[in-house]
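Colleague: With my numbering applied, the sequence shown corresponds to residues 35 to 172, in that order.
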Amino acid sequence: MRHYETIFIIKPNLSDDEYKAIVQKYNGILEKNKGVIIKTDLWGIQRLAYQIRKEEKGFYVLQDYCGLSGLTAELEREFKLDDRILNFQTIKIADKADPAELLRKIQEKTAKTEPAATDENQGQPDPGAKTKEVSHGN
Numbered sequence: 035m036r037h038y039e040t041i042f043i044i045k046p047n048l049s050d051d052e053y054k055a056i057v058q059k060y061n062g063i064l065e066k067n068k069g070v071i072i073k074t075d076l077w078g079i080q081r082l083a084y085q086i087r088k089e090e091k092g093f094y095v096l097q098d099y100c101g102l103s104g105l106t107a108e109l110e111r112e113f114k115l116d117d118r119i120l121n122f123q124t125i126k127i128a129d130k131a132d133p134a135e136l137l138r139k140i141q142e143k144t145a146k147t148e149p150a151a152t153d154e155n156q157g158q159p160d161p162g163a164k165t166k167e168v169s170h171g172n
């Protein structure tokens, strides 16, 4: 399988439910065509570098996935047919990729970034610590 990243921009004037439905639609297309979704990042509404179809902002979505070469052609065909999609771009990351390995790396990364068990006094000054008062000037 090949490893791809696709970023697409949705019109900004839709509701949150409509954004989720659009993302689900394209995730479904990937899965229907035997693709494996590694991750989907919703970047939200961002300002565009230049106007696209008279829009100055767009809702950005990044999809990281693995699949066969025909998968991207089908996904891009669907993007072209959907008038809610302002623009899209697909990048081939690697010719050969193991989706299970990529998913494992993502899970390890999220496990490292999750905070450890929090102590209720964490972030609070230690009540037993000695403090020194410093005055400046007067």
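By construction, the Cβ of each residue, glycine as well, lies at the ideal position given by its N, Cα and C atoms.
Please state whether DSSP places Leu82 in a helix, a strand or coil.
Modeller: Counted from its first residue, the sequence shown places residue 82 at position 48. DSSP places Leu82 in strand when its eight states are reduced to three.
Colleague: Could you name each continuous alpha helix (DSSP H) segment of 4 residues or more that falls completely within the stretch 104-156, going from the start of the chain to the end?
Modeller: Runs of the alpha helix (DSSP H) inside the stretch 104-156: 133-147.
Colleague: When DSSP labels each residue in this structure, what does Gly69 get in the three-state scheme?
Modeller: Locating residue 69 in the sequence shown gives position 35, counting from the first residue. The answer is coil: DSSP assigns Gly69 none of H, G, I, E or B.
Colleague: Does the separation of the CB atoms of Asn61 and Leu105 fall below 8 Å?
Modeller: Taking the first residue of the sequence shown as 1, we reach residue 61 at position 27. Taking the first residue of the sequence shown as 1, we reach residue 105 at position 71. Cβ distance not < 8 Å, so Asn61 and Leu105 don't count as in contact.
Colleague: Taking all protein chains shown into account, decide if Ala134 is buried (16 or more other Cβ within 10 angstroms of its Cβ) or exposed.
Modeller: Residue numbering aside, residue 134 sits at position 100 when the sequence shown is read from its first letter. Exposed, since its Cβ has fewer than 16 Cβ neighbours within 10 Å.
Colleague: So what does Glu39 bridge to, in DSSP terms?
Modeller: Taking the sequence shown and counting its residues from 1, one reaches residue 39 at position 5. DSSP, once it has assigned bridges, lists Asp98 and Ile125 as partnering Glu39.
Colleague: Nearest to Lys45 by alpha carbon, out of Gln85, Gly92, Trp77 and Arg36?
Modeller: Taking the first residue of the sequence shown as position 1, residue 45 is located at position 11. The shortest C-alpha separation from Lys45 is found at Gly92.
Colleague: Have a look at the DSSP bridge pairing and note the partners of Leu76.
Modeller: Locating residue 76 in the sequence shown gives position 42, where the first residue counts as 1. Partner(s): Val95.
Colleague: Buried or exposed: where does Ala151 fall if 16 or more other Cβ atoms within 10 Å of its Cβ makes it buried?
Modeller: The sequence position of residue 151 within the sequence shown is 117, counting from 1. In this predicted model, Ala151 has a pLDDT of only 46, less than 50, meaning its place in the structure is not dependable enough to derive any value.
Colleague: Provide the residue(s) that pair with Ile44 in DSSP beta bridges, ordered along the chain.
Modeller: On the sequence shown, position 10 is the one that residue 44 refers to. Ile44 pairs with Phe93 and Ile119.
Colleague: Output needed for His37: all residues of its chain with C-beta closer than 6 Å, excluding positions within five of it in sequence on either side, in chain order.
Modeller: As a working mapping, residue 37 is identified with position 3 in the sequence shown. For His37, where only same-chain residues beyond five positions count, the Cβ hits under 6 Å are Cys100, Ile127, Ala128 and Ala131.
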